[in-house]
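In this note's numbering, the protein residues as written are 25 to 174.
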């Protein structure tokens with residue numbers, strides 16, 4: 025189960041590039057239901073996600089590099105590329121801000137996601153002051169939807 029809040033970021037912290045990051049490239053074989061393929065550094069996955077905004081089921085299956093390279097050619101829409109910076113959430117001993125800084129077609133877009141172990145914690149969450157608009161419930165900034173934009 026994936027439980028996360030998502031925010032649009034206009035002004036990330038000045039030192040965000042000092043944090044560890046992953047290079048992510050992903051494409052969508054389907055958007056209803058969501059079937060995604062992702063390269064994260066040197067790991068490769070096929071992911072199924074159920075419908076939902078704050079909370080939804082998610083299943084990840086490992087892929088070989090060869091399988092990923094075959095499937096990425098079959099992706100619908102745009103291939104998304106981004107760096108995901110992992111920033112510990114101040115005041116929390118278990119939450120991490122995943123700061124996605126997009127490249128390519130969506131260069132300039134920055135989103136922050138925070139994943140939670142339970143729904144109640146997500147609903148009580150008070151974001152840091154540098155977070156912008158909460159876009160969790162709009163769906164407008166779901167990666168699967170971005171991949172389909174003209």
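Cβ coordinates follow ideal geometry from the N, Cα and C atoms, glycine included. Predicted model only: the values in this text are computed from it and were never measured.
Beta-carbon spacing of residue i, residue j below 8 Å
i           : j           : result
residue 132 : residue 34  : no
residue 28  : residue 130 : no
Rounded separation between residue i and residue j - CA only
i           : j           : result
residue 135 : residue 165 : 8 Å
residue 169 : residue 163 : 8 Å
residue 118 : residue 138 : 11 Å
residue 158 : residue 149 : 11 Å
residue 116 : residue 142 : 15 Å
residue 31  : residue 47  : 20 Å
Cβ distance (whole Å) where residue i is taken to contact residue j below 8 Å
i          : j          : result
residue 86 : residue 72 : Rounded, the Cβ-Cβ distance is 13 Å, inconsistent with contact.
Beta-bridge pairing of residue i - partner residues as DSSP gives them
i           : result
residue 41  : DSSP, once it has assigned bridges, lists no residue as partnering residue 41.
residue 118 : Beta-bridge pairing links residue 118 to no other residue.
Per-residue burial, residue i [other beta carbons within 10 Å of its own, 16 or more giving buried]
i           : result
residue 97  : exposed
residue 84  : exposed
residue 75  : exposed
residue 100 : exposed
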